Amino acid sequence: MPPPDTTRTGGWLFALVAAWGLFGCAREPKPPLERGAGVFQRSCASCHGVGREQKVALGFKVAPPDLAEPALQARLGDADFRRVIREGKGQMPPFGKMLDDAEVSDLLVYLRSLARSTPPGR
Ligand code: HEC
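With our numbering applied, the sequence shown corresponds to residues 296 to 417, in that order.
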């Protein structure tokens, strides 16, 4: 019996690991901030991300606000954020069925970090 071709096996393993990394299936633990940023990109950025200024023109009665806004951050406690995310508000859809509690918690960490990175006086 010939010895197993280790170069070949190694190549396959490498491709597999690379594909895992590329498609984000690697299950190494990520910090909450990073996970929250991912949730934001997937679920919120289409309305609250860059370019939201144009969203009024897309027919929102109340435009999706800038979530980094210090006044908004001060007005909404964590429980308020959770409620809005779970139940929606006005023309914002509810995310209660799409995001579990852990994802909402990660999202909160991310949202609060936006406030801290907002320069004073903006
Ligand atoms: C389809 C567009 C859309 C998506 C997606 C969306 N929002 Fe909104 N969001 C809105 C609109 C529109 C409003 C303004 C609602 C109003 O005040 O009538 C809003 C308002 C808010 C507010 C302010 C609520 C308040 O009391 O002033 C928060 C906080 C918020 N969204 C968070 C999020 C988060 C977090 C996500 C992602 C899970 C998200 N939104 C996804 C459209 C969206």
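For each residue, glycine too, the CB sits at the ideal point set by N, CA and C. The structure displayed is predicted, hence computed values, not measured ones.
- The shortest CA-to-CA distance from A369 to any of E382, R411, P324 is the one to R411.
- Boundaries cannot be given for E323, as no alpha helix (DSSP H) includes it and DSSP labels it neither H nor E.
- Closest in C-alpha terms to L394, from the list R378, G385, S408, comes R378.
- The C-alpha of H343 lies about 13 Å from the C-alpha of L353.
- Partner residues in the beta bridge of M387, as assigned by DSSP, are K384.
- Straight through space, the alpha carbons of P360 and A366 are spaced by roughly 11 Å.
- The alpha carbon of I380 has as its nearest neighbour, out of G333, P326, S338, the alpha carbon of S338.
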